[in-house]
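Asker:
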Amino acid sequence: MNHVLAIETSCDDTSVALLNEDRQVLCCLVASQDLVHAPFGGVVPEIASRNHTESLVPLIDQAFSQTGVTWDDVLGIAVTSRPGLVGSLIVGLVTAKALAFAQAKPFIGVHHIEGHIMAPFLCDKQHTGADFFEDDFLALVVSGGHTQLYKVQGFGNYTCLGQTIDDAAGEAFDKFAKMMGLPYPGGVQVDRLAAQQGDPKAFRFPRPLLNEDNFNFSFSGLKSSAQRLLEKMSLEERESSQADLCASYQAAIVDVLSAKLKRALEKTHFQNFVVSGGVSANSGLRLACDKVARDLNVQLALPPLRYCTDNAAMIGLVGLLRLQKGESSPLELKPYPRASL
Ligand code: KG4
Ligand code: ZN
43 MNHVLAIETS CDDTSVALLN EDRQVLCCLV ASQDLVHAPF GGVVPEIASR NHTESLVPLI
103 DQAFSQTGVT WDDVLGIAVT SRPGLVGSLI VGLVTAKALA FAQAKPFIGV HHIEGHIMAP
163 FLCDKQHTGA DFFEDDFLAL VVSGGHTQLY KVQGFGNYTC LGQTIDDAAG EAFDKFAKMM
223 GLPYPGGVQV DRLAAQQGDP KAFRFPRPLL NEDNFNFSFS GLKSSAQRLL EKMSLEERES
283 SQADLCASYQ AAIVDVLSAK LKRALEKTHF QNFVVSGGVS ANSGLRLACD KVARDLNVQL
343 ALPPLRYCTD NAAMIGLVGL LRLQKGESSP LELKPYPRAS L
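Start counting the sequence shown at 43; every next residue gets the next number (the working numbering).
#1: Less than 7 Å between C-beta atoms, sequence neighbours within five positions excluded: which residues of the same chain meet that for ALA138?
#2: For VAL85, which residues of its own chain have a beta-carbon under 7 Å away from its beta-carbon, when the five flanking residues on both sides are left out?
#3: Mapping DSSP to helix, strand and coil, what is PHE247?
#4: Alpha carbon to alpha carbon, how far is GLN145 from ALA11? Give it in angstroms, no decimals.
#5: Can you determine whether any heavy atom of the ligand KG4 sits closer than 6 Å to the C-beta of VAL230, and answer yes or no?
#6: If I'm right that VAL58 touches ALA90 with Cβ under 8 Å, what's the distance once you round it to whole angstroms?
#7: Given 6 Å as the limit, tell me if ASP352 has its C-beta closer than that to any heavy atom belonging to the ligand ZN.
#8: Specify whether the region 319 to 326 and the region 226 to 239 touch according to this definition: at least 3 beta carbon pairs, one from each stretch, less than 8 Å apart.
#9: Taking the Cβ atom as the reference point for each residue, do HIS153 and VAL183 lie within a distance shorter than 7 Å?
#10: Mind checking whether the beta-carbon of SER185 lies closer than 6 Å to any heavy atom of the ligand ZN?
#11: Taking 6 Å as the line, does the beta carbon of PHE149 fall inside it for any heavy atom of the ligand KG4?
#12: By alpha-carbon positions, which one of GLN366, SER371, ARG348 ends up nearest to LYS167?
#13: Cutting at 6 Å between CB atoms, please list the residues of its own chain near GLN284, excluding the five before and the five after it.
#14: For THR122, report the span of its beta strand (DSSP E) as first-last.
#15: THR206 to LEU365, Cα distance in whole Å?
#16: Classify PHE259 as helix, strand or coil using the three-state DSSP reduction.
#17: Could you check if ALA323 belongs to the surroundings of the ligand KG4, using beta carbon to heavy atom distance under 6 Å?
#18: Less than 7 Å between the beta carbons of LEU264 and ALA294, yes or no?
#19: Measure how close the beta-carbons of ASN256 and GLY204 come, nearest whole angstrom, since I'm counting them as under 8 Å.
#20: Excluding the five sequence neighbours on either side, which residues of its own chain have a C-beta within less than 7 Å of the C-beta of GLN239, listed in chain order?
#21: Please work out which residues of its chain come closer than 6 Å, Cβ to Cβ, to SER262, disregarding the five sequence neighbours upstream and downstream, and give them in chain order.
#22: With distance defined between alpha-carbon atoms, name the residue in GLU63, PHE82, GLN341, GLY171 nearest to VAL111.
#23: Does any residue of chain B have a CB that is nearer than 7 Å to the CB of PHE106?
#24: For ALA381, count neighbouring Cβ atoms within 10 angstroms of its own Cβ and tell me buried if that reaches 16, exposed if not.
#25: Do the CB positions of LEU359 and MET160 come within less than 7 Å of each other?
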């Protein structure tokens with residue numbers, strides 16, 4: 043009775059994971075809906091919920107059969123209960139409650155952002171996670187829906203130092219990719235093109251709020267400036283400068299994120315930091331964060347790419363640590379589409 047079954051359905055990825063008591067992920071399955079939503083250029087909430095309904099139970103069966111874990115081995119069930127698309131959250135939450143009730147196991151609702159914060163501490167056969175999660179550390183969460191910087195003083199103790207006042211970093215990548223005519227979701231495409239010898243200095247994009255004395259972010263002005271630039275360019279010009287455009291735009295986002303991180307580390311004197319969420323898969327951001335860690339001689343933990351974007355393993359880790367402390371949620375627990383940490 044020391045394993046956790048974890049379920050994540052807060053947006054458009056259906057994911058199920060099994061973890062053991064040592065933070066080891068035995069399996070983490072993700073049924074991506076990217077291809078389903080691609081023709082619409084973004085997530086269609088109702089389609090996302092319907093697809094979760096179809097994929098979730100077969101994924102749970104697969105997780106058990108693939109690992110050989112049985113219900114007798116399960117300590118409890120962890121499920122994302124907030125924030126997210128409400129229809130998507132409901133599918134995961136109701137499934138978790140039904141299983142908890144039928145198997146007489148505790149279940150625990152997990153905050154999606156807490157999952158992202160803990161992703162760098164996951165372990166599996168290929169990767170040993172960092173182990174400073176009981177100490178003080180800074181956490182930058184950069185995803186499609188969030189850009190937030192937290193001070194973490196031990197597991198469960200979070201203070202938000204700053205956040206985006208408009209678009210999230212992932213949203214800024216996705217909207218730019220759409221303007222460039224790249225397929226959805228665009229962040230990874232921009233990253234790929236930027237890496238094809240794109241010159242980050244070819245175009246000068248603004249670095250919003252870079253020099254302001256706070257830890258907030260703003261990306262909508264950057265997006266508008268890209269739009270104005272692209273409107274002035276012919277199709278041929280855009281085509282031939284694709285890599286330079288992507289590299290320059292990416293550099294603007296990375297510069298702002300890494301500069302604010304560095305300032306926050308200097309101000310708090312924290313010795314550890316994590317960067318997580320879908321945008322932490324960005325190769326430019328990963329390099330810039332490595333440089334911050336080297337410059338300040340502090341420890342950085344980044345999740346492996348498979349745990350950057352949405353996954354149930356990170357929800358399982360938070361659930362495991364909470365269940366081990368004797369916490370659980372009541373069967374009346376509601377999903378909250380909006381909830382701060
Ligand atoms: O964490 P996540 O899977 O979902 C949310 O909680 O929002 O993050 C998805 C976001 C998308 O905006 C996607 O374009 C972005 O992460 N993303 C990237 C990369 N991989 C995913 N952005 C930049 N570079 C990447 N390599
Ligand atoms: Zn996420």
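Just so you know, even glycine gets a beta-carbon here, dropped at the ideal spot from N, CA and C.
Answerer: Straight from the coordinates:
#1: Residue 138 sits at position 96 when you count from the first residue of the sequence shown. Cβ neighbours of ALA138 beyond the five flanking positions: ILE49, ILE119, VAL121, PHE149.
#2: Numbered from its first residue, the sequence shown carries residue 85 at position 43. Cβ within range, chain order: CYS53, ASP54, HIS79.
#3: Counting from one through the sequence shown, the residue named residue 247 turns up at place 205. DSSP places PHE247 in coil when its eight states are reduced to three.
#4: No answer is possible for residue 11: it lies beyond the span of the chain, which begins at 43 and ends at 383.
#5: Here residue 230 corresponds to residue number 188 of the sequence shown, with the count starting at 1. Yes.
#6: Residue mapping note: residue 58 aligns to position 16 of the sequence shown, counting from 1. Residue mapping note: residue 90 aligns to position 48 of the sequence shown, counting from 1. Wrong, their Cβ atoms sit about 16 Å apart, outside the cutoff.
#7: Counted from its first residue, the sequence shown places residue 352 at position 310. For the ligand ZN, at least one heavy atom lies less than 6 Å from the Cβ of ASP352.
#8: yes
#9: For this step, residue 153 is matched to residue 111 along the sequence shown. For this step, residue 183 is matched to residue 141 along the sequence shown. Cβ distance not < 7 Å, so HIS153 and VAL183 don't count as in contact.
#10: Along the sequence shown, read from residue 1 onward, the residue named residue 185 stands at position 143. Under cutoff, so the answer is yes.
#11: Here residue 149 corresponds to residue number 107 of the sequence shown, with the count starting at 1. No, the ligand KG4 has no heavy atom inside 6 Å of this Cβ.
#12: On the sequence shown, position 125 is the one that residue 167 refers to. Ranking GLN366, SER371, ARG348 by Cα distance to LYS167 puts ARG348 first.
#13: As a working mapping, residue 284 is identified with position 242 in the sequence shown. Excluding residues within five positions, the ones whose Cβ falls inside 6 Å are LEU235.
#14: Counting from one through the sequence shown, the residue named residue 122 turns up at place 80. Per DSSP, THR122 belongs to the beta strand (DSSP E) from 116 to 124.
#15: Position 164 of the sequence shown, counting from 1, holds the residue named residue 206. Position 323 of the sequence shown, counting from 1, holds the residue named residue 365. Whole-angstrom Cα-Cα distance: 32 Å.
#16: To locate residue 259, count along the sequence shown from 1; it is residue 217. It is a strand residue.
#17: Translated into the one-based positions of the sequence shown, residue 323 becomes position 281. Within the cutoff, so yes.
#18: Within the sequence shown, residue 264 is the residue found at index 222, counting from 1. Within the sequence shown, residue 294 is the residue found at index 252, counting from 1. Yes, these two residues count as a Cβ contact at 7 Å.
#19: Here the question's residue 256 lines up with position 214 in the sequence shown. Here the question's residue 204 lines up with position 162 in the sequence shown. Yes, ASN256 and GLY204 are in contact; Cβ-Cβ is about 6 Å, under 8 Å.
#20: Reading the sequence shown from its first residue, position 197 is the one you call residue 239. So the list reads ALA285, once near-sequence residues are dropped.
#21: Along the sequence shown, one-based indexing puts residue 262 at 220. Around SER262: ASP208, ASP209.
#22: The residue you call residue 111 lines up with position 69 of the sequence shown. It is GLU63.
#23: In the displayed structure, chain B is absent; only one protein chain is listed.
#24: As a working note, residue 381 is residue 339 in the sequence shown. Burial call: exposed.
#25: Mapped onto the sequence shown, residue 359 falls at position 317. Mapped onto the sequence shown, residue 160 falls at position 118. Closer than 7 Å, so yes.
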